[in-house]
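Input: a single structure, listed below in structure tokens.
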Amino acid sequence: MSTTLSSTTPVARKAHQCNYCLEEIPKGEQYSRWTGIHDMDFQSSAMHIECAKAFSDSGWDEYYPGEHMRGTSCDNGCTRELHGQQRALA
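Take the sequence shown: its letter number 63 is residue 63 in the working numbering, and every next letter is one higher.
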């Protein structure tokens, strides 16, 4: 179960790593920033706008960082491995 404390879409003042696809969010790009409590732990995540939308639209409660390609959320678990792409390194 998750409780949202803050959800914003700031412009990056420095480069970040997207928690969803593990690709870079470059300086100057608008992104989604979420802070809250998930499974009794404080968490914060930064995602590309399209990754945050894909996760939100999926209806899932959680995801594994780097498992999904940027902006994707296939109903059958659209993963890098499924599409033959190498998993990004953290």
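Cβ atoms here follow ideal geometry from the backbone N, Cα and C, with glycine treated the same way. Everything numeric in this text was worked out from a predicted model, so none of it was measured.
Sequence-distant residues of the same chain with beta carbon closer than 8 Å to residue i, five excluded per side
i, result
"Gly-28", "Val-11 and Ala-12"
"Ala-90", "Caution is warranted here: a pLDDT of 37 is assigned to Ala-90, below 50, making its placement in the model unreliable, and the coordinate value is therefore given only provisionally. Answer for Ala-90: Gln-17, Leu-22, Pro-65 and Gly-66, listed in chain order."
Beta-carbon proximity list for residue i, same chain, < 6 Å, skipping 5 on both sides
i, result
"Thr-9", "Gln-30 and Ser-32"
"Ser-58", "Ser-73"
"Lys-14", "Lys-27"
Contact under 8 Å by Cβ, residue i with residue j
i, j, result
"Ser-2", "His-38", "yes"
Residue i in three-state terms, based on DSSP
i, result
"Asp-57", "helix"
"Ala-52", "helix"
"Thr-3", "strand"
For residue j and residue i, believed in contact at Cβ under 8 Å, the rounded distance
i, j, result
"Phe-55", "Tyr-20", "6 Å"
"Ala-46", "Ile-25", "6 Å"
"Gly-71", "Glu-50", "3 Å"
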